[in-house]
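Note sheet for the following structure.
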Amino acid sequence: MRPTLHRLLAACALALLLPGLGVAHATSQTDELEKTARDWLQPALEAAVPQDATTPLRTEIVMGSLDSRLRLAPCARVEPHLPAGSRLWGRSRIGLRCLEGSSRWNVYVPVTIKAFGPAWVIKRPVDAGATLTQEDAELVEVDWAASPVTVLARADMWVGQQTAFALTPGLAIRQNMVRPAKAFAAGDQVRVNSSGSGFSISVTGLALTAGLVGQSARIRLPGGRVVTGLVQEDQTVEMSL
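Just so you know, we're using my numbering here: the sequence shown kicks off at -6 and counts up by one.
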């Protein structure tokens, strides 16, 4: 074979090989970055996910991938971080920024955080404005992180509350789904009670604000004095002296 032809064939073979080498390098680079994100995430997640004795949560991490075609300048030190405004809950992302390299790049690895634990789940249709009872729901393990809204894990947090909108079977009861039950409206006559050491007072006043169970309401007493008290389930107001 002539030397010129030999060199030509070698050049062609090298040209065919180089793109593959580039892809292999890019894949190796993204794999390494994803491992860096994963290694940082586990301890960060343990500190971020709320845990207590009554509602232990079992976490699960679903890592996403960087684009395998990504080409980044070599970097001697990569720092994982949680982007501003992000949290380790549900769909999120982990930032990776180059601190020591010819180019200060910053990329993001998508991640989904799941947190499984017991929650009260609606087992039958409930109309909007209905008062919830414990018979409306059952305890089921769900992914708390499927929504950013807080799960109401204890029955006393939602029993006796009114639904903010119609609830369908399968929904875990969360903070935005309920509101305090309305005991009376502004303009209603309301009984105001107060007691202390050796005395007890009960008087009827005029509600200046709507009364929601467990919240404060303003009442005008017969003499014109305006007081604030805590609304009770029996449609009375308890006032502290």
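Here a beta-carbon is modelled for each residue, glycine too, at the ideal position from N, C-alpha and C.
Collapsing the DSSP output to three states places methionine 150 in a helix. Here glycine 180 is exposed: its Cβ has fewer than 16 other Cβ atoms, across all protein chains shown, within 10 Å. Counting only runs of 3+ residues, the beta strand (DSSP E) found wholly inside the region 177 to 203 occupies 182 to 189 and 192 to 200, in chain order.
A buried status is given to valine 104, since no fewer than 16 other beta-carbon atoms sit within 10 Å of its beta-carbon. Following the DSSP letters along the chain, one finds glycine 88 inside the beta strand (DSSP E) bounded by residues 83 to 94. Inclusion of leucine 38 and isoleucine 106 in the CB contact set at 8 angstroms is warranted, their separation being smaller than that value. Its Cα nearest to that of alanine 66, the residue Arg90 stands out among Trp113, Pro73 and Arg90.
Proline 103 carries a strand assignment under DSSP once its states are collapsed to helix, strand and coil. Distance between arginine 51 and leucine 205, taken at the CA atoms: about 36 angstroms.
According to DSSP, residue pairing for phenylalanine 109 in a beta bridge involves Arg51 and Asp136. Classified as buried, phenylalanine 177 has 16 or more neighbouring CB atoms from the shown chains inside 10 Å of its CB. Linking aspartate 120 to alanine 30 through their CA atoms gives a straight-line distance of about 45 angstroms. Here glycine 191 is exposed: its Cβ has fewer than 16 other Cβ atoms, across all protein chains shown, within 10 Å. Your pair leucine 125 and valine 152 checks out as a contact, with CB atoms roughly 6 angstroms apart and the cut at 8 angstroms. Beta bridge pairing from DSSP links glutamine 155 with Thr124 and Arg172. Spanning the alpha carbons of leucine 199 and alanine 165 requires a straight line of approximately 38 angstroms. By the beta-carbon neighbour count (other beta carbons within 10 angstroms, threshold 16), alanine 130 is buried.
The C-beta distance from arginine 70 to leucine 92 rounds to 5 angstroms, short enough to fall under 8 angstroms. In the three-state scheme derived from DSSP, where H, G and I count as helix and E and B as strand, serine 209 is classed as strand. Distance from the CA atom of arginine 117 to the CA atom of valine 219, rounded to whole angstroms, is 43 angstroms.
With respect to the C-alpha of arginine 97, the residue from Glu72, Val144, Ala148 and Ile54 having the closest C-alpha is Glu72. Ranked by Cα distance from valine 55, the first of Thr143, Leu75, Arg84 and Pro162 is Arg84. Setting aside the 5 residues that flank it on each side, alanine 108 is surrounded in the same chain by Val42, Leu50, Thr52, Trp137 and Ala138, each with a C-beta closer than 6 angstroms to its C-beta; the list follows chain order.
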